[in-house]
Amino acid sequence: MDRDPRYDILFEPVQIGPVTAPNRFYQVPHCTGMGWQYPRTLAAMRKVKAQGGWGVICTEYNSIHPSSDDLPHPYASLWDESDVRAHTLMTDAVHEYGSLAGAELWYGGANSNNLFSRLPSMDVDSRPNTKGHPFQTRAMDKQDIRDLRRWHRKAALRARDAGFDVVYVYATHGYLISNFLHPRVNTRGDEYGGNLENRVRLTRELIQETKDAVGDRCAVAVRFSADEEIGEDGQPIYGERREMFEMLSDLPDLWDINIADYSVEMGVSRFTKEAALEPYMHWVKSVTDKPVVTVGRFTSPDTMVSQVRRGITDFIGAARPSIADPYLPKKIEEGRLSAIRECIGCNVCYASDSIGVPIRCTQNPTMGEEWRKGWHPEIIRKKSSDARVLIVGAGAAGLEAARALGVRGYDVQLAEATRELGGRVSREAALPGMSEYIRVKDYREQQLMEMPNVEIYRESPLTVDDILAVDADHVAIATGATWRKEHFDEERFAPVAKGSALGRVFTPDDIMDGNLPIGPTLVFDGDGYYMASVVAEKIRTQGHPVTLVTPFDSVSDWARNTSERWRIRTHLIRLGVEVLPSKSLKQFDGEIAELECAYGGPNVNVPVANIVMVTARKPNDGLYRGLLGRASSEDLPFSLRRIGDCDAPAIIAAAVYSGHRYAQELDEAVDEDIPLRHDRLDVRQQPI
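Mapping the sequence shown onto our numbering, position 174 (from 1) lands on 571, and the numbers just tick up by one.
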């Protein structure tokens, strides 16, 4: 299939100083949860993006010195020659497919923990650690600034020697250089503080010294914020940013522009839609002749073209879309738009790095598994037999298992009890703000419709006898899970009501079924992710008073990892939802909910007519157990597996991964004792 001529502009080469990008697809620096700890895992992941057509592929932030250490958040480093060798794995892989490789140099200042190196960090002043650790930075003196400039230059030289084509000066996101630029943070009284020219001095010196270091071998990029402080969404507060930009505009070879509000720049789809940075960008291209890249969770080729033609940006910057579909550029180039796995904006990728583990993705279950399992987002081994597979349940796990098995060439029967495919994905996507989650279902359904070897049976609830009657060699049970009404007290599930009061206890399944409570309602969040907040919003928008109670100290506590917790709390307040943190639900009698303080304070009674319990889910594994009740797994006429929530309830990304893993491993020899390769230093190969 040929490329639509409308998209030709996206495949034009673009000059970046001494180097040329082959197209306008630019994977901006983004965290991976891999960093210097997993160099082979990292290189294999970036390689796949080069295969997929990204013209420029950047690292995550590279620490330039041990006094900028962010563990337990993994990061890359350019401290010594060992780092040069490790990065060469990536640059060689990227260059193999004609793409450019970029390295982002980083010094964290008050934003780095130094829990690993135990060195004091440095900043414009002795400032508290912004991540909440009980440390402060050392106030930089003139020698510290000279040291920083030397470290930055050495790191730039190492980046050049490692084969990078673009080297970054990182002047945003609250890290050290941006603090020198900031009029309220930088209170220094020397030539590096005070007036605008002085505050820009360090950034100017680093750009010039980096260019001098890398010469005509590499381009120099600057990551810079278009606005000075956070305001209302889409209403920039520019401050001095334009004046700063004008003073520096011709110095680097490329500008990588973001904004002050990270919850918009990296916003989840519930609150932030595609191209959200455009209102902040309108002036940037008018001030510089150098190419510009910015982000916006771009998934639509038409939006991409519009951004370029209207002069918003020269490159289509992406982090999350390149994770969801590393082959996004190639699919546009080949006219295969329906094959694009669109990012759903869930930020599970970001959460992984926040927790300190290699990233994963709801849409792309192969993300992070390229090296250690040999998985590829577009290439999968062909079938190992002529076996027939029955998958029961067409939720996230069942759909992905059927899709991947179909690509492998197996004959697949997919049976769904209801009319609509998607399971929990379709149900949750109908909740407030969650519409883009439907892409998980839509992508897989579209792919299955094009596979003649996959048969889909809707409205086909199967019994144990039905499954035994099917001539299948392998059966996967993907029947999901159901939300519980009970409260988990850290030891067991216990009811919160009895008698007639039980009739006023609801679950998220009730809400998604359209069975909404009427009157004052308490939503109890023992889950800690997004579900309680969207349920509360659904009920509140129906005009009913809502109180959200959680045993955690904050609403949607786990959502801090996806960078949406602040947004959720703010949104609930605006809706008029009362929030009571640090309280457990002791009992409900149909009129009063008794709450117990997590820290031993007095109990609180809340008069409500209903309770919605958002706690845990129970696997719907009756079919699986029924089959094993007829015969042992060895005596069944087929192999039998549970996958997805039916096996272990979790987030949607885990269900998709479970389905994909089943498809990858079917008929293959898997060593259960060593199921994946371990990317680590082998001490037998290195001197101690």
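Every residue, glycine too, gets a C-beta built ideally from N, C-alpha and C. Since the model is a prediction, treat every value here as computed from it, not as a measurement.
Item: Whole angstroms are fine: how far does the CA of LEU1037 sit from the CA of ARG1074?; Value: 26 angstroms
Item: Beta strand (DSSP E) containing PRO1004: first to last residue?; Value: 1001–1004
Item: Using DSSP's beta-bridge definition, name the partner residues of ILE752.; Value: Beta-bridge pairing links ILE752 to no other residue.
Item: What distance in whole Å lies between the Cβ atoms of ALA878 and LYS983, which are believed to be in contact at a cut-off of 8 angstroms?; Value: Actually they are not in contact, since the Cβ atoms of LYS983 and ALA878 sit about 26 angstroms apart, beyond 8 angstroms.
Item: Within the same chain, show all residues whose beta-carbon is closer than 6 angstroms to that of GLY432, passing over the 5 residues directly before and after it, in chain order.; Value: PRO471, TYR472 and ALA473
Item: Taking the alpha-carbon of VAL932 as reference, which of ASP870, ALA827, ARG841 and TYR840 has the nearest alpha-carbon?; Value: ALA827
Item: From the DSSP output, read off the bridge partner residues of ASN655.; Value: SER622
Item: Using the DSSP secondary-structure output, state which residues sit across from VAL809 in a beta bridge.; Value: VAL786 and VAL851
Item: Assess, as a yes-or-no matter, whether the region 754–761 is touched by the region 1035–1054 under the definition of 3 or more beta carbon pairs within less than 8 angstroms.; Value: yes
Item: So for ILE413, helix, strand or coil by DSSP?; Value: strand
Item: Less than 8 angstroms separating the beta-carbons of ASP647 and THR685?; Value: yes
Item: Who are the near neighbours of ILE835 in its chain, counting only those whose CB is closer than 6 angstroms to its CB and skipping five residues on each side?; Value: ALA826
Item: What did DSSP end up calling MET678 once you bin it into helix, strand or coil?; Value: helix
Item: With DSSP as the reference, label GLU991 as helix, strand or coil.; Value: strand
Item: Going by the DSSP bridge assignment, what does LEU977 pair with across the sheet?; Value: VAL946
Item: Leaving out five residues before and five after ILE713 in sequence, what residues of the same chain have Cβ atoms less than 6 angstroms from its Cβ?; Value: ARG421, PHE422, PHE695 and MET701
Item: Identify whether ALA498 lies in helix, strand or coil by the three-state DSSP scheme.; Value: strand
Item: Can you round the beta-carbon distance between VAL689 and ILE654 to whole angstroms, since I take them to be within the 8 angstroms contact cut?; Value: 6 angstroms
Item: Taking DSSP as the reference, what is the three-state secondary structure of MET519?; Value: strand
Item: Could you tell me the distance, in whole angstroms, from the CA atom of GLN844 to the CA atom of ALA873?; Value: 20 angstroms
Item: Thinking just about the alpha-carbon of each residue, which of ASP1032, THR967, ALA784 and GLU961 is nearest to the one in GLU1065?; Value: ALA784
Item: What number of angstroms, rounded off, separates the C-alpha of VAL681 from the C-alpha of ILE709?; Value: 8 angstroms
Item: To the nearest angstrom, report how far apart ALA1060 and VAL851 are at their CA atoms.; Value: 13 angstroms
Item: Taking the alpha helix (DSSP H) that GLU739 belongs to, which residues open and close that run?; Value: Counting along the chain, GLU739 falls outside any alpha helix (DSSP H), and DSSP gives it neither H nor E.
Item: Taking the straight line between their C-alpha atoms, what separation do you get for ARG667 and ILE908?; Value: 18 angstroms
Item: Does the beta-carbon distance from MET487 to ALA552 come in below 8 angstroms?; Value: no
Item: Helix, strand or coil for ILE1048 per DSSP?; Value: coil
Item: Work out the CA separation of ILE1008 and HIS941 for me, nearest whole Å.; Value: 13 angstroms
Item: Return the bridge partner residues of GLY877 from the DSSP annotation.; Value: Per DSSP, none; premise fails for GLY877.
Item: In the DSSP assignment, the alpha helix (DSSP H) including GLY714 goes from what residue to what residue?; Value: It is not in any alpha helix (DSSP H) - GLY714 instead sits in the beta strand (DSSP E) that spans 712–715.
Item: So, for THR815: in the same chain, excluding its five sequence neighbours on each side, which residues have a beta-carbon less than 8 angstroms away from its beta-carbon?; Value: ARG855 and GLU856
Item: Rounded to whole angstroms, what's the CA-CA distance from PRO1046 to THR876? Just pull it up for me.; Value: 11 angstroms
Item: Quick one, are the C-beta atoms of ASN744 and THR1012 less than 8 angstroms apart?; Value: no
Item: Count the CB pairs spanning the region 544–562 and the region 522–531 that are closer than 8 angstroms, and state whether there are at least three.; Value: no
Item: Which same chain residues end up closer than 8 angstroms to ASN1002 when comparing Cβ atoms and leaving out the 5 residues on each side of it in sequence?; Value: ILE989, ALA990, GLU991 and LEU992
Item: Measure the alpha-carbon distance for GLY586 versus ILE542 and round it to whole angstroms.; Value: 14 angstroms
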